[in-house]
Each structure stands twice: as structure tokens, then as C-alpha cells.
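To start, the structure itself, in C-alpha cells.
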Amino acid sequence: MTTPAQTESTEAKAPTSVVLTDVAAQKVKALIEQEGRDDLRLRVAVQPGGCSGLRYQLFFDERSLDGDVVTDFGGVEVVVDRMSAPYLSGATIDFADRIDAQGFTIDNPNAGNSCACGDSFN
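Letter 75 of the sequence shown, counting from 1, is numbered 75 in UniProt numbering, and no numbers are missing.
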């Protein structure tokens, strides 16, 4: 097992790294438990595409890539690759389970514009 000093880069310790709310962390933890694996982490990435030019990707991943920024939220590790980190700096990931909204949401202060689907931004 690695210690936080070994898995966190300087970027991850900055207050502007991606933030996972307690509600989102609980949901991620439950989903990982459903997978029946203890080696998975939530990877958050930004890729070209979507209506506005860039789109978010959230998925479980066991890989460690060079330059990954890893932050622990109550036992849930969130991984952001080095190319996505500047786009996600200061972003908050939450989970909504209401009649008008369900699923993960990303409140990103770096997004100049976003589309109605909520999956892409620029």
C-alpha cells in the first residue's frame, strides 16, 4: 500500500484540485463495492468532443499513468491525468438523486460555456 505522500503530486495538494463531495464519494464507494474490486479508482478526464468542444469522462480505472494527480476523499481515490488537470482545477463533482436530476454533476469554474446536455463545455 502506498502512502498519500507517494500518490499525491504537488498539484493534488493545492486547494484548486478537483473536489469530490461527501455525497458523491459515498456513491462512488458504493459503485466500486458493486464491482467487487478494491483496486478501482474514479478517473475524471476531459476529452475533445461534445456540443461545446470538450466533454467530461468519469470511469473506474485501476491504472496509474505518469503525471496523474491523485486525491483521496474518505477512502475514494480520484485520479486526473496531467492533460485534464488544468481544465478541472477547482471543479466540484457531486451526485444528485432528485426527481429533477439524477447522476454525477460537475460544477467547473473553468467552463466558459456549456451545452444543455451538461456533458460538454469550452
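For every residue, glycine included, the Cβ atom is placed at its ideal position computed from N, Cα and C.
Assuming residue i is part of the alpha helix (DSSP H), what are its boundary residues?
| i | result |
| --- | --- |
| P86 | 85 to 88 |
| L31 | 22 to 35 |
With residue i as the anchor, note down where its beta strand (DSSP E) starts and where it stops.
| i | result |
| --- | --- |
| L42 | 41 to 48 |
| V79 | 76 to 80 |
| I93 | 92 to 97 |
| V69 | 69 to 73 |
May I ask you to list the residues that DSSP assigns as paired with residue i?
| i | result |
| --- | --- |
| L58 | V44 |
| A111 | Per DSSP, none; premise fails for A111. |
| V19 | T92 |
| G103 | A96 |
Look at residue i and residue j and say whether their C-beta atoms are less than 8 Å apart.
| i | j | result |
| --- | --- | --- |
| V46 | L88 | yes |
| V78 | V44 | yes |
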